[in-house]
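Peer 1: For the numbering used here, count along the sequence shown from 1 and bump the result up by 3.
The beta carbon of each residue, even a glycine, is placed where N, CA and C say it ideally should be.
Quick caveat, the model's predicted, so the values are computed rather than measured.
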Amino acid sequence: MPTNPYNWIDKALSTINKANWYRSVKTIETLPGAIIKIEGKQLINFASNDYLGLAGDERLIAASIQATKEFGTGSTGSRLLTGHREIHQKLEQEISKLKQTEAALVFSSGYLANIGVISSIVSQRDLILSDKNNHSSLKNGAILSGAKIIEYNHNNLQDLQKKLEQERENYRRTLIITDSVFSMDGDLCKLPLLLELAEKYNSMLLVDEAHATGIFGNNGGGCVEHFKCTGKELIQIGTLSKALGSLGGYVAGSKKLIEFLQNRAPSWIYTTGLTPGDTAAALTAIKIIKQEPERRSKLWQNVETLKNLLETENQPFYTEKKISNYESPIICFPLKNAAQALTIGEKLKEKGILAPAIRPPTVNTSRIRISLMATHQKNHLQKLVKALINF
Ligand code: PMP
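#1: Out of 315, 342, 363 and 110, which has the shortest C-alpha to C-alpha gap to residue 388?
#2: For residue 172, which of 268, 131 and 69 has the nearest alpha-carbon?
#3: Between the C-alpha atoms of residue 48 and residue 80, what's the straight-line distance to the nearest angstrom?
#4: The ligand PMP heavy atoms versus the CB of residue 57: any closer than 8 Å?
#5: Is DSSP giving residue 162 helix, strand or coil here?
#6: Quick one: what's got a C-beta closer than 6 Å to residue 106's C-beta in the same chain, skipping five residues either side?
#7: Beta-carbon within less than 7 Å of residue 218's beta-carbon, same chain only, minus the 5 sequence neighbours each way: which residues are those?
#8: Below 9 Å between beta carbons: does that hold for residue 284 and residue 240?
#9: Please return the same chain residues whose Cβ sits closer than 7 Å to the Cβ of residue 166, not counting the five positions on each side in sequence.
#10: How about residue 77 and residue 378: do their beta carbons lie closer than 9 Å?
#11: Please list the terminal residues of the continuous beta strand (DSSP E) segment that includes residue 48.
#12: Run the proximity test for residue 146: is its beta-carbon closer than 8 Å to any non-hydrogen atom belonging to the ligand PMP?
#13: Determine the DSSP secondary structure at residue 292, reduced to helix, strand or coil.
#14: For residue 66, count neighbouring C-beta atoms within 10 Å of its own C-beta (all shown protein chains included) and say buried if the count is 16 or more, exposed if not.
#15: Return yes when the C-beta of residue 242 is under 8 Å from any heavy atom of the ligand PMP, and no when it is not.
#16: Output yes or no for whether 9 Å exceeds the beta carbon distance between residue 157 and residue 185.
#17: Leaving out five residues before and five after residue 160 in sequence, what residues of the same chain have Cβ atoms less than 8 Å from its Cβ?
#18: Please find out if some non-hydrogen atom of the ligand PMP comes closer than 8 Å to the beta-carbon of residue 114.
#19: Per the contact definition of three or more C-beta pairs closer than 8 Å, is the segment 263-283 in contact with the segment 302-312?
#20: Is DSSP giving residue 149 helix, strand or coil here?
#21: To the nearest angstrom, how far is it from the Cα of residue 187 to the Cα of residue 366?
#22: CB-CB under 6 Å to residue 95, same chain, minus the five flanking residues each way: which ones, in chain order?
#23: Roughly how many angstroms separate the alpha carbons of residue 176 and residue 351, rounded to a whole number?
#24: Quick check on the DSSP output: what are the complete alpha helix (DSSP H) runs of length 4 or more inside the segment 44-85, in order along the chain?
#25: Looking at the structure shown, is residue 133 part of a helix, part of a strand, or coil, going by DSSP?
#26: Have a look at the DSSP bridge pairing and note the partners of residue 374.
#27: How would you write the range of the alpha helix (DSSP H) that residue 263 sits in, first residue to last?
#28: Can you round the beta-carbon distance between residue 248 and residue 281 to whole angstroms, since I take them to be within the 8 Å contact cut?
#29: If you draw a straight line from the C-alpha of residue 313 to the C-alpha of residue 380, how long is it?
#30: Is residue 245 near the ligand PMP, judged by its Cβ being under 8 Å from some heavy atom?
#31: Under 8 Å: does the beta carbon of residue 157 sit that close to some heavy atom of the ligand PMP?
#32: According to DSSP, what are the bridge partners of residue 211?
#33: Verify the contact flag: residue 229, CB atom, against every heavy atom of the ligand PMP, threshold strictly below 8 Å.
#34: Cβ of residue 141 within 9 Å of Cβ of residue 330?
#35: How about residue 341 and residue 371: do their beta carbons lie closer than 9 Å?
#36: In terms of residues, what are the limits of the beta strand (DSSP E) holding residue 3?
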C-alpha cells in the first residue's frame, strides 16, 4: 500500500510541539530600536543584536539608498563574475583596518563565512577541536569540512590541551575553532591561552567575533583587540549584521589566506555578492564606529547599570552565576526546562519586555537571554529588573 512520503513531517512537528521546542516568527512593525512594536504591542527590546543602535540609523539608511540607486538592488552575480563593485573592495579594506589584518573578504552572511572558511582550510586528513558551546555555523562548517571533529568542554583549556596532546600527531593540519563571545552564554573565550596552545601544537586558530566586533576593544576591533592579541596570526570571522547594523559576514587574516579563500571557499565563489545597499550600510557603520566611540561607552555603561541593578536586588532569580562575572552585553538566566522558559518569556512580554526563551536544540539548558544595546535608557533597565524579580 503506497503511503504519502511526506507523512513523517506531521509526526516530527508533533514531537517538536510536545517537547515545547516549537518556534514561529513574530512580525516587528517598527524600525529596529530599544522600543519596538510586535503584533500591535509595544515592547522594550532585549532580544536584538543591534548592539550600537545602527540598524535604524538614518546615515546607514541613506548610504544604502544611495548605493542602491547607483548600483542597483542586486549585485547580479558572484564576486568573481559580475558581482564585484568598488564598494566591496572598500569595505574589505575598512574591515582589515578595523581588525588590523593584512586583508579581509566579505561573504553574504556570517554563517556563510564560517562554513566557507572552515570547510576550505581543513579536510579528511585533518583535525578540528571545537568548543562544545560554539555557534551552529562553526559546528556545521566543521561537519562540512570532512575533518575529524573533537569537541572540548566549554572554555576548558585543560581539556583542549589533553585532546591536542593525545590527537595532534595523528593528523596533518589542526584547527581550533571558538566563538570569542559565546552567543548564548555571553562569556568570553580565553584567547591569549588559546593562542599559546595553538602555537605549541602547531595548530591554526579561528575565532568568531560575531558578538564582539564594534563592542570590545578601544577601537571596536573585537575580543582580539580587547585581549591585546592584535597582529597575532589567527583567522577572524565576523558578521556585518549585529553591531554593524547591516547584513553579511567576513573573514579577516593574512593576504595569502584571503587569496586562497577566493579560489577555494564555495560559499564565497558560488554565491551572489553582497548587495550594494548592505555593503554601503556596513561601510558607513564602520565609519560611525570610529567617529563615535561614545556609542560603545554607552553600551558598556548599560551593562554596568544592569549588573548594579541586579545586584541591588540581591541575586533575585534563577542563576548561580555571580552577576559581577557577566562579561558582555549578553546576560542569560538558566531555567529548569523549556516549558518554564516559555512561560517566563510570555509573562515578561505581558509586562512589556521582550526577552525571549532560548531552548534546545539551540542550547542544552533552556534560558531567558537578554542582550543590551547602547540605545537602552536607564528606565528600560529598571523596568526589566522589576519585571524579572516579580514572579
Ligand atoms: N556566529 C555567531 C557566533 C552568531 O551568533 C551568528 C548569528 N547568530 C553567526 C555567526 C551568523 O552570522 P549571520 O547572522 O551574519 O549569518
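Peer 2: Judging by the given coordinates:
#1: Residue 388 sits at position 385 when you count from the first residue of the sequence shown. Nearest option by C-alpha distance: 315.
#2: As a working mapping, residue 172 is identified with position 169 in the sequence shown. Selected option, being the one with the closest Cα: 131.
#3: For the purposes of this step, residue 48 is taken as residue 45 along the sequence shown, with counting starting at 1. For the purposes of this step, residue 80 is taken as residue 77 along the sequence shown, with counting starting at 1. So the alpha carbons of these two residues sit roughly 36 Å apart.
#4: The count along the sequence shown starts at 1 and reaches residue 57 at position 54. No, the beta carbon of residue 57 sits no closer than 8 Å to any heavy atom of the ligand PMP.
#5: Taking the sequence shown and counting its residues from 1, the one referred to as residue 162 is at position 159. The answer is helix: DSSP assigns residue 162 an H, G or I state.
#6: Here residue 106 refers to the residue found at position 103 of the sequence shown. The answer, listed in chain order, is 99, 258 and 261.
#7: To locate residue 218, count along the sequence shown from 1; it is residue 215. So the list reads 54, 246, 299, 302 and 332, once near-sequence residues are dropped.
#8: Sequence index remark: in the sequence shown, residue 284 carries index 281 (1-based). Sequence index remark: in the sequence shown, residue 240 carries index 237 (1-based). No; because the gap between Cβ atoms is not below 9 Å, this pair is not in contact.
#9: The count along the sequence shown starts at 1 and reaches residue 166 at position 163. Correct list, in chain order: 132, 153 and 155.
#10: Here the question's residue 77 lines up with position 74 in the sequence shown. Here the question's residue 378 lines up with position 375 in the sequence shown. The answer is no: Cβ separation not under 9 Å.
#11: Position 45 of the sequence shown, counting from 1, holds the residue named residue 48. Counting along the chain, the beta strand (DSSP E) containing residue 48 begins and ends at 44-48.
#12: Within the sequence shown, residue 146 is the residue found at index 143, counting from 1. No; taking the cut-off as 8 Å, the Cβ of residue 146 has no heavy atom of the ligand PMP nearer than that.
#13: Residue numbering aside, residue 292 sits at position 289 when the sequence shown is read from its first letter. Here residue 292 sits in helix by DSSP.
#14: Along the sequence shown, read from residue 1 onward, the residue named residue 66 stands at position 63. With 16 or more Cβ atoms within 10 Å of its Cβ, residue 66 is classed as buried.
#15: Here the question's residue 242 lines up with position 239 in the sequence shown. Result yes, Cβ under 8 Å from the ligand PMP.
#16: Looking up residue 157 in the sequence shown gives position 154. Looking up residue 185 in the sequence shown gives position 182. In this structure, residue 185 lies closer than 9 Å to residue 157 by Cβ.
#17: Reading the sequence shown from its first residue, position 157 is the one you call residue 160. So the qualifying residues of the chain are 193, 196, 197 and 200.
#18: What you label residue 114 is simply residue 111 of the sequence shown in a count that begins at 1. It does: the Cβ of residue 114 is within 8 Å (strictly closer) of some heavy atom of the ligand PMP.
#19: no
#20: The residue labelled residue 149 in the question sits at position 146 within the sequence shown. When DSSP states are grouped into helix, strand and coil, residue 149 belongs to the coil group.
#21: In the sequence shown, residue 187 corresponds to position 184, counting from 1. In the sequence shown, residue 366 corresponds to position 363, counting from 1. Approximately 7 Å between the Cα atoms of the pair.
#22: Within the sequence shown, the letter at position 92 stands for residue 95. Short of 6 Å from the beta carbon of residue 95, and not among the five residues preceding or following it, lie these beta carbons of its own chain, in chain order: 107 and 109.
#23: Within the sequence shown, numbered from 1, the residue matching residue 176 stands at position 173. Within the sequence shown, numbered from 1, the residue matching residue 351 stands at position 348. Spanning the two alpha carbons is a distance of roughly 48 Å.
#24: 61-74
#25: For the purposes of this step, residue 133 is taken as residue 130 along the sequence shown, with counting starting at 1. Note: residue 133 maps to strand in three-state DSSP.
#26: Start at 1 with the first residue of the sequence shown, and residue 374 comes out as number 371. Paired residues: 333.
#27: What you label residue 263 is simply residue 260 of the sequence shown in a count that begins at 1. 258-267 is the extent of the alpha helix (DSSP H) around residue 263.
#28: Your numbering for residue 248 matches position 245 in the sequence shown. Your numbering for residue 281 matches position 278 in the sequence shown. 10 Å between Cβ atoms; not a contact.
#29: Numbered from its first residue, the sequence shown carries residue 313 at position 310. Numbered from its first residue, the sequence shown carries residue 380 at position 377. The alpha-carbon separation between residue 313 and residue 380 amounts to approximately 16 Å.
#30: For the purposes of this step, residue 245 is taken as residue 242 along the sequence shown, with counting starting at 1. Because some heavy atom of the ligand PMP lies under 8 Å away, the Cβ of residue 245 counts as near it: yes.
#31: As a working note, residue 157 is residue 154 in the sequence shown. Outside the cutoff, so no.
#32: The residue you call residue 211 lines up with position 208 of the sequence shown. Residue 211 pairs with 182 and 240.
#33: On the sequence shown, residue 229 is found 226 positions in, with the first residue counted as 1. The closest heavy atom of the ligand PMP lies 8 Å or more from the beta carbon of residue 229.
#34: On the sequence shown, residue 141 is found 138 positions in, with the first residue counted as 1. On the sequence shown, residue 330 is found 327 positions in, with the first residue counted as 1. Against a cut-off of 9 Å, the Cβ pair of residue 330 and residue 141 comes out as no contact.
#35: Along the sequence shown, one-based indexing puts residue 341 at 338. Along the sequence shown, one-based indexing puts residue 371 at 368. Going by C-beta atoms, residue 341 is not nearer than 9 Å to residue 371.
#36: Outside the displayed range of the chain (4 to 394) lies residue 3, so it cannot be described from this structure.
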